[in-house]
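Visitor: One structure follows; several queries about it will come next.
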Amino acid sequence: FPVVSEKEKEDMQLAKKYLQSFYDFKEEKNSLFKTKNLANKIREMQSFFGLEVTGELNPETLDIMKQPRCGIPDVRSYS
Amino acid sequence: TFPLSPRWKKEDVTYRILNYTPDMLQSDVEEAIAKALQLWSSVTPLRFTRLYTGQADIMISFAAGYHGDFYSFDGPGGTLAHAYPPGNGIGGDAHFDEDENWTKFTTYNGYNLFLVAAHELGHSLGLGHSDVFGALMYPIYMAKDTRDYRLPQDDIDGIQALYGPPRESPALPTKAFAPQEPTEMTSAEAPTEVSPREEPTEMTPSKTPTRPEDCDPHLTFDAITTLRGEILFFKGSYVWRKSPYFSDIEHDTISSFWPPLAAGFDAAYEVDRKDRVVFFKDGQYWAVSGYRIEPGFPKPIQNLGFPTSVGKIDAAVHDQITKKTYFFVGNKYWSFNENTQSMERGYPRKIAADFQGIGHTVDAVLQKNGHFYFFHGSNQYEVDIKNKKLIRIMKSNSWFNC
Numbered sequence: 411f412p413v414v415s416e417k418e419k420e421d422m423q424l425a426k427k428y429l430q431s432f433y434d435f436k437e438e439k440n441s442l443f444k445t446k447n448l449a450n451k452i453r454e455m456q457s458f459f460g461l462e463v464t465g466e467l468n469p470e471t472l473d474i475m476k477q478p479r480c481g482i483p484d485v486r487s488y489s
Numbered sequence: 003t004f005p006l007s008p009r010w011k012k013e014d015v016t017y018r019i020l021n022y023t024p025d026m027l028q029s030d031v032e033e034a035i036a037k038a039l040q041l042w043s044s045v046t047p048l049r050f051t052r053l054y055t056g057q058a059d060i061m062i063s064f065a066a067g068y069h070g071d072f073y074s075f076d077g078p079g080g081t082l083a084h085a086y087p088p089g090n091g092i093g094g095d096a097h098f099d100e101d102e103n104w105t106k107f108t109t110y111n112g113y114n115l116f117l118v119a120a121h122e123l124g125h126s127l128g129l130g131h132s133d134v135f136g137a138l139m140y141p142i143y144m145a146k147d148t149r150d151y152r153l154p155q156d157d158i159d160g161i162q163a164l165y166g167p168p169r170e171s172p173a174l175p176t177k178a179f180a181p182q183e184p185t186e187m188t189s190a191e192a193p194t195e196v197s198p199r200e201e202p203t204e205m206t207p208s209k210t211p212t213r214p215e216d217c218d219p220h221l222t223f224d225a226i227t228t229l230r231g232e233i234l235f236f237k238g239s240y241v242w243r244k245s246p247y248f249s250d251i252e253h254d255t256i257s258s259f260w261p262p263l264a265a266g267f268d269a270a271y272e273v274d275r276k277d278r279v280v281f282f283k284d285g286q287y288w289a290v291s292g293y294r295i296e297p298g299f300p301k302p303i304q305n306l307g308f309p310t311s312v313g314k315i316d317a318a319v320h321d322q323i324t325k326k327t328y329f330f331v332g333n334k335y336w337s338f339n340e341n342t343q344s345m346e347r348g349y350p351r352k353i354a355a356d357f358q359g360i361g362h363t364v365d366a367v368l369q370k371n372g373h374f375y376f377f378h379g380s381n382q383y384e385v386d387i388k389n390k391k392l393i394r395i396m397k398s399n400s401w402f403n404c
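So the protein sequences, as listed, match chains G and L. For the first sequence, our numbering begins at 411 and goes up steadily by one. For the second sequence, our numbering begins at 3 and goes up steadily by one.
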């Protein structure tokens with residue numbers, strides 16, 4: 411595998427934090443399905459914003475994640 | 003809405019501003035909040051009362067970082083604000099990130115408090131996020147001119163699903179009798195204040211009247227144009243969209259297509275070979291291509307060759323055959339050559355002199371299927387383009403399958 415650049419690491423951290431905040435993404439450190447879970451959350455987010463649903467952290471998806479926004483989660487229910 | 007659709011079970015909802023941002027004058031913060039609430043009260047039976055002490059349903063505050071709930075703010079950018087759905091305690095409360103630069107106007111170095119507050123207070127009333135781009139409840143901040151801001155239809159549909167429409171739904175007055183300026187707000191719609199100081203809040207409200215029914219026999223239009231094969235009918239801030247691809251009439255607000263032009267139009271026409279629609283409002287005009295407003299607009303209508311005595315255009319239509327555009331002002335009309343971009347000599351002429359049977363002013367003119375359709379009040383007059391003769395008279399809304 412190619413070495414992941416610092417930029418890519420930062421982007422991935424940003425994406426995880428974003429998905430945790432707004433799409434109820436829970437990182438399961440010991441799960442074999444870690445990547446699949448993340449991709450599903452990215453798909454969910456891409457679908458909400460009308461982006462091409464790829465499940466990949468492409469520049470369009472990252473752009474949306476970096477926009478100023480409301481802090482209310484898009485999917486999570488309140489208790 | 004949120005899961006289980008929480009909503010206030012009463013129509014009188016109280017709010018309190020707990021503190022202020024140093025970025026703005028206190029009076030500007032109060033005005034932004036009051037205007038934001040008025041957006042929602044104008045389309046529902048809800049009434050808002052401001053409290054100065056004690057517990058209000060909606061507690062509004064500015065805070066940075068950790069501020070006592072489980073959603074700490076994150077410094078400049080990122081999350082701007084958040085609010086809780088209706089409920090006891092923290093329910094209904096709205097928090098604004100003090101690390102942002104809050105502004106009264108829309109600028110590129112700050113966030114318009116009115117826009118953000120209107121969004122957050124939508125949550126306070128029970129609305130969740132919308133995936134409709136351009137809707138107020140879309141979760142991403144979009145800078146836009148908030149003068150004469152109108153609530154997008156998606157947000158109206160959402161809030162009315164929770165609370166229903168306003169108790170009194172006055173029908174839109176007809177164009178002939180009603181100016182298009184924002185209507186004065188009534189006391190029933192304005193947020194009221196319970197204050198030991200009794201200081202009135204200054205507001206410049208933007209009332210959102212109810213859209214008339216498609217088949218209302220008294221329905222009139224401000225302007226009509228074709229756009230990429232569809233026909234758009236304009237009335238106030240509303241658009242009726244008739245597409246050859248769909249049988250139903252689509253209802254939209256102007257703000258959902260062209261947010262800066264939300265206040266409505268006097269006239270509109272399309273030059274299809276240029277993929278351009280031109281809108282007129284008072285003494286100005288804008289050119290758009292699809293959703294995009296072309297740069298350099300608005301321009302004064304005098305740029306088209308009108309004398310300064312012409313303050314507004316009643317109607318406009320483009321003849322695709324002759325490449326000429328006709329502008330209607332009072333009982334006269336002008337002919338504009340789109341090729342040379344200049345007014346033709348010999349104009350203005352009386353409408354009645356050249357268009358048989360059109361002996362009055364016109365609200366809107368549509369060119370379709372080899373005919374001109376002149377709209378006047380609730381009637382339309384079908385005129386053959388070649389010989390300019392009246393063929394028949396129909397109701398204005400005959401396009402809506404009534």
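Note that beta-carbon positions come from the ideal geometry of N, C-alpha and C, so glycine has one too. None of these values were measured; they are calculated from a predicted model.
Tell me which residues share the same chain as L:Ala317 and place their Cβ nearer than 6 Å to its Cβ, disregarding the 5 neighbours each side in the sequence.
Guide: The residues are Ala269, Phe330, Val364, Ala366 and Val367.
Visitor: Residues of chain G with CB under 7 Å from L:Gly80, in chain order?
Guide: Pro478
Visitor: Which class does L:His121 belong to by DSSP, given the choice of helix, strand or coil?
Guide: helix
Visitor: Go ahead and pull the three-state DSSP assignment for G:Thr471.
Guide: helix
Visitor: For L:Tyr293, which beta-bridge partners are listed by DSSP?
Guide: Answer by DSSP bridge pairing: none, since L:Tyr293 is not bridged.
Visitor: Could you tell me which whole alpha helix (DSSP H) segments of length 4 or greater appear in the region 232–301 of chain L?
Guide: 256–259
Visitor: In the DSSP assignment, what residue or residues form a beta bridge with G:Arg479?
Guide: L:Thr81 and L:Ile142
Visitor: Please decide whether G:Gly481 counts as near chain L, where near means a Cβ-Cβ distance under 8 Å.
Guide: yes
Visitor: Got a sec: is the Cβ-Cβ distance from L:Phe135 to anything in chain G below 8 Å?
Guide: Judged by the 8 Å Cβ criterion, L:Phe135 is in contact with chain G.
Visitor: Name, please, each residue of chain L whose Cβ falls closer than 8 Å to the Cβ of G:Gly460.
Guide: Asp133 and Phe135
Visitor: Are the C-beta of L:Tyr143 and some C-beta of chain G separated by less than 8 Å?
Guide: yes
Visitor: So, L:Gly124 versus L:Met144, is the Cβ gap smaller than 8 Å?
Guide: no
Visitor: Could you give the distance in angstroms between the alpha-carbon of G:Pro469 and the alpha-carbon of L:Tyr293?
Guide: 24 Å
Visitor: Return the Cβ separation of L:Ile92 and L:Asp71 in integer angstroms, given the expectation that the two are a contact with Cβ distance under 8 Å.
Guide: Contact between L:Ile92 and L:Asp71 holds, since their C-beta atoms are separated by about 6 Å, short of 8 Å.
Visitor: Which residues in the same chain have their Cβ closer than 7 Å to the Cβ of L:Arg394, if we skip the five residues on either side of it in sequence?
Guide: Glu384
Visitor: Run through the DSSP bridge pairs and tell me what L:Glu384 is partnered with.
Guide: L:Tyr375 and L:Arg394
Visitor: Residues in its own chain within less than 6 Å of L:Trp401 by CB, not counting five upstream and five downstream?
Guide: Lys244
Visitor: Is the CB-CB distance between L:Asp150 and L:Ala264 below 8 Å?
Guide: yes
Visitor: Please name the residue or residues paired with L:His320 in a DSSP beta bridge.
Guide: L:Thr327
Visitor: Can you give the beta carbon distance from L:Ala163 to L:Glu122, rounded, assuming they're within the 8 Å contact cut?
Guide: Not quite, the Cβ-Cβ distance comes to about 19 Å (not below 8 Å), so this is no contact.
Visitor: So, is L:Asp147 buried or exposed, given that buried needs 16 or more other C-beta atoms within 10 angstroms?
Guide: Counting Cβ neighbours within 10 Å, L:Asp147 comes out exposed, since fewer than 16 surround it.
Visitor: When you compare each of L:Gly79, L:Gly56 and L:Trp10 to L:Thr46 by their alpha carbons, which one comes out closest?
Guide: L:Trp10
Visitor: Residues of chain G with CB closer than 9 Å to the CB of L:His125, please, in chain order.
Guide: Cys480 and Ile482
Visitor: Going along chain G, which residues have a C-beta under 8 Å from L:Met121?
Guide: With the sequence shown as reference, residue 121 of chain L is identified as His, and Met is not the correct amino acid for it. In chain order: Cys480.
Visitor: Could you confirm whether any beta carbon from chain L is found closer than 8 Å to the beta carbon of G:Ile474?
Guide: yes
Visitor: Would a check of beta-carbon distances place L:Tyr165 closer than 8 Å to chain G?
Guide: no
Visitor: In the DSSP assignment, what residue or residues form a beta bridge with L:Lys334?
Guide: L:Val331 and L:Lys352
Visitor: Taking L:Arg52 and L:Tyr17 to be in contact with their CB atoms under 8 Å, please state how far apart those CB atoms are, rounded to whole angstroms.
Guide: 6 Å
Visitor: Should L:Pro87 be labelled buried (16 or more other beta-carbon atoms within 10 Å of its own) or exposed?
Guide: That one is buried.
Visitor: What residue from G:Leu448, G:Leu461, G:Gly460 and G:Lys427 has the CA that sits closest to G:Gly481's CA?
Guide: G:Lys427
Visitor: Using 8 Å for Cβ pairs, my map puts G:Val485 next to G:Asp434. What's the rounded Cβ distance?
Guide: 6 Å
Visitor: Looking only at its own chain, which residues have a Cβ that is under 6 Å from the Cβ of L:Phe376, when we skip the five neighbours before and after it?
Guide: The residues are Ile360, Val364, Val367 and Tyr383.
Visitor: Using 10 angstroms around the beta-carbon of L:Glu215, count the other beta-carbons present and answer buried if the total reaches 16, otherwise exposed.
Guide: exposed
Visitor: For a test of the three-state rule: what should DSSP assign to L:Tyr113, helix, strand or coil?
Guide: strand
Visitor: Does L:Tyr287 have its Cβ less than 8 Å from a Cβ in chain G?
Guide: no
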